[in-house]
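Start counting the sequence shown at 1; every next residue gets the next number (the numbering used here). Right, one structure below, let's go through it.
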Amino acid sequence: MELAFLGGATTVTGSQFLLDTGSARVLVDCGMFQGSPNEVERNRVSFAYDPREIDALLLTHAHLDHCGLIPHLVASGFRGPIFATAATNELTGLVLLDAAKLQTEFARRAARRSHRGSSGDPEAALRTRGPEVLVEIDEPLYSEADVLAALGMVRQVAYGDEFPVANGVTGRMHDAGHILGSAIVEVRAGERTIVFSGDIGRQGSPIVRDPSVLANADYVLMESTYGGREHEPEARSVDVLAETINATNEAGGVLLIPSFAIGRTQDMIWELDRLLAAKRVPPLPLYLDSPMASKATAIYRRHAESFDDETRAMLAQNDDPLDYPHAKITNDPNDSRAIKDAARPYMIVASNGMLTGGRVLAHLRDLIDDPSATLLFVGYQGEGTLGAHLQQGVKQVVIDGAQRQVRCRIRSVDGFSAHADEPQLLSWISGFTRGKRPGDAGFPREVFIVHGDPDAEHALEPKVRALGLATKIPAWRERVTLS
Ligand SMILES: [Zn+2]
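Here's what the structure looks like:
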């Protein structure tokens with residue numbers, strides 16, 4: 001049996017793993033590489049296999065770095081079933097249709113630029129226009145029709161149920177606690193059990209249930225996004241959020257929160273709703289400027305089966321934690337553009353969370369040199385992204401080709417993360433060792449540390465070893481034999 005690490009190996013994005021049992025070939029995730037130019041380039045590299053020979057795909061969750069290349073896989077000949085939870089199925093439709101549309105728009109703009117004689121050199125483009133340009137310079141990877149074909153191949157599975165995947169292979173989804181529908185995937189192939197962690201959520205995060213702790217596996221692939229790092233306590237992040245809102249109110253300013261449309265935005269609405277209910281902040285108007293987030297919230301509402309007890313209890317009392325009472329939903333682009341003329345103070349939550357594109361960039365353009373504005377980061381900023389540069393405190397940035405001074409306030413919190421931090425990751429992996437010794441049945445023979453930047457992977461590795469587990473940090477496209 002062989003396992004190939006085709007993405008999410010020494011990187012956070014592009015998750016893709018291929019299990020080849022000799023009689024079945026099963027993919028877990030088929031994600032897009034995002035972030036720095038070097039990573040984005042990998043989306044253009046041919047698949048490491050013939051997609052027609054893949055029997056099935058198991059999808060952990062609907063984030064683009066886990067599902068983003070599925071339509072490309074289908075357009076390249078994949079015909080097997082795609083197994084996903086009901087909520088992941090719906091959210092994936094939203095994410096992939098949006099991705100197809102963006103690629104088409106970018107390609108059109110790129111064609112216009114090359115018509116005007118621009119160089120098309122990725123490095124030059126990066127220097128002058130920022131990292132978001134990198135997805136714009138090529139042909140689209142897939143069309144809306146490819147997305148619809150892919151969605152037609154999804155088979156919904158329920159958490160906890162074992163289901164047949166391919167010849168001699170079964171699967172089971174467990175709560176991952178990361179976003180709605182997210183799953184830890186347990187695969188049984190012959191005598192062996194391989195657990196793919198997907199993205200593991202934070203204990204106690206809003207809306208979704210906490211990640212399941214599993215007890216037995218022969219091999220584990222474990223995410224390491226926050227290896228070597230510990231989140232500040234959520235209560236501290238809530239304090240900073242409240243302080244920032246109150247300061248924005250007093251200064252008559254604007255608070256801009258870049259946020260991923262799926263997961264983080266719903267979590268932030270939940271937090272803002274709680275602060276308001278506790279009367280810790282004034283009821284500032286909130287512009288929810290992300291049509292994608294609005295659609296995602298509608299999907300969240302349809303999947304109460306994935307909610308945790310706290311969220312269910314609130315809903316039962318008619319307190320809707322997915323709704324901020326003073327939200328103005330600006331799905332129309334004209335309404336979005338009009339926000340800058342609104343009476344201050346106010347807040348904007350807009351996508352995307354790493355400032356690599358989306359409406360948030362237009363707001364940033366308006367606010368970057370405004371000392372009464374605050375940019376509050378509430379999520380992970382990929383290496384090399386505009387968000388990461390601003391977080392590091394650079395005083396000048398390039399936005400849409402123009403040099404801009406950074407004069408707005410920049411604040412960051414990490415207690416709202418949708419990912420487990422290192423202590424939580426170690427707590428999760430130690431579930432496999434509890435009451436067992438190396439060599440016992442169900443004690444993992446090896447833990448593969450994936451889905452992390454190299455620093456994070458290397459920080460986490462010795463701590464996993466200290467639990468008595470053998471570890472490996474696989475390289476991109478490395479193949480290992482499982483005994
Ligand atoms: Zn994710």
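C-beta: ideal position from N, C-alpha, C; glycine also. If you're wondering where the values come from, they're calculated on a predicted model, not measured in any experiment.
CA-to-CA, the gap between Met-268 and Val-254 works out to about 17 Å. The beta carbon of Ile-299 is closer than 8 Å to those of Ala-87, Glu-90, Leu-91, Leu-94 and Leu-180 in its chain, skipping five residues each way along the sequence. Fully enclosed alpha helix (DSSP H) runs of no fewer than 4 residues occupy 309-316 and 333-338 of the stretch 299-356, in order along the chain.
Per the DSSP secondary-structure output, Asp-65 pairs with nothing in a beta bridge. Here the alpha carbons of His-66 and Asn-38 stand approximately 18 Å from one another. Contact annotation, Gly-227 with Leu-467: C-beta distance approximately 14 Å; criterion of less than 8 Å not satisfied. Scanning its chain for C-beta atoms nearer than 8 Å, with the 5 sequence neighbours on each side dropped, one finds around Asn-331 the residues Pro-291 and Ser-294, in chain order. Sequence-distant partners of Glu-422 (beyond 5 residues in either direction) whose C-beta falls short of 8 Å from its own C-beta, in its chain, are Tyr-226, Gly-227, Gly-228, Arg-229, Glu-230, Ala-459, Leu-460 and Lys-463. A direct Cα-to-Cα measurement between Ala-56 and Leu-102 gives close to 27 Å. In this model, Arg-192 and Tyr-219 are separated by some 8 Å (Cα to Cα). Only exposed fits Thr-481, as fewer than 16 other CB atoms lie within 10 angstroms of its CB.
Pairing Ser-143 with Gly-68, the inter-Cα distance amounts to about 12 Å. For the set Gly-7, Val-349 and Phe-163, the Cα lying nearest the Cα of Arg-44 is the one of Gly-7. Collapsing the DSSP output to three states places Leu-180 in coil. Rounded to the nearest angstrom, the gap between the Cα atoms of Arg-312 and Ala-304 is 7 Å. Contact between the stretch 263-281 and the stretch 236-248 is present, with at least three C-beta pairs closer than 8 Å.
Where Pro-462 is concerned, the enclosing alpha helix (DSSP H) starts and stops at 454-465.
DSSP, read as helix, strand or coil, puts Phe-106 in helix. Taking all protein chains shown into account, Asn-352 has 16 or more neighbouring C-beta atoms within 10 Å of its C-beta and is therefore buried. Phe-5 sits away from Pro-444, with the two beta carbons spaced by 7 Å or more. Within a 10 Å sphere around the beta-carbon of Asp-341 sit fewer than 16 other beta-carbons, which makes this residue exposed. Sorting Asp-308, Ile-348 and Leu-386 by C-alpha distance to the C-alpha of Leu-288 places Ile-348 at the top. Counting of Cβ neighbours within 10 angstroms places Gly-201 among the buried residues, the total reaching 16 or more.
Considered as a whole, the stretch 223-265 harbours 234-251 as its complete alpha helix (DSSP H) runs of no fewer than 4 residues, in chain order. By the neighbour-count criterion, in which 16 or more other beta carbons inside 10 Å mark a residue as buried, Ala-456 falls on the buried side. Checking the DSSP bridge columns, you'll see Leu-376 partnered with Arg-411. Short note on His-231: C-beta not closer than 6 Å to any heavy atom of ligand 1. Looking at Ile-54, Ser-197 and Pro-233, the one whose alpha-carbon comes closest to that of Gly-204 is Pro-233.
Rounded to the nearest whole angstrom, the C-alpha separation of Arg-302 and Gly-439 is 44 Å.
If you check the CB distance, Ala-99 and Glu-139 do not come in under 7 Å.
Nearest to Asp-273 by C-alpha distance, out of Thr-433, His-326, Asn-246 and Ser-237, is His-326.
A check of alpha carbon separations from Gly-14 across Val-28, Gly-442, Ala-24 and Val-169 identifies Val-28 as the nearest.
In this model, Ala-150 and His-72 are separated by some 9 Å (Cα to Cα). Annotation: the continuous beta strand (DSSP E) that includes Leu-288 extends over 286-289.
Residue list for ligand 1: His-63 and Asp-199 (CB closer than 5 Å to any heavy atom, chain order). When the alpha-carbon of Ala-418 is set against those of Leu-256, Pro-211, Arg-409 and Tyr-346, the nearest one is in Pro-211.
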